[in-house]
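For the sequence shown, my numbering assigns the number 20 to the initial residue and increments by one for each residue that follows.
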Amino acid sequence: MNVGQRIELTTRIESLGNTARPGDQGTVEGVHTDGYLTVRMDNGRPQFPRTDEVIVLPSS
């Protein structure tokens, strides 16, 4: 997983009072050694899924 890659969630994620659902998409902003990502979702809100909770979308 790399910064700038587009991802799609495969599970529901709740963080900072926001809920993202499977199928929601965003862009990776940070990759952490503990298996978590910082993702800017397309709605502009941050989420923090684990790497096993996302799929990488093909480059456009």
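For every residue, glycine included, the Cβ atom is placed at its ideal position computed from N, Cα and C.
| Query | Result |
| --- | --- |
| Tell me whether the beta-carbon of Gly54 lies closer than 8 angstroms to the beta-carbon of Arg69. | yes |
| Are Gly42 and Leu28 touching if we call contact CB-CB under 8 angstroms? | yes |
| Secondary structure at Thr38, three-state DSSP: helix, strand or coil? | strand |
| For Met60, report the span of its beta strand (DSSP E) as first-last. | 56 to 60 |
| Grouping DSSP H, G and I as helix and E and B as strand, with all else coil, what is Thr46? | strand |
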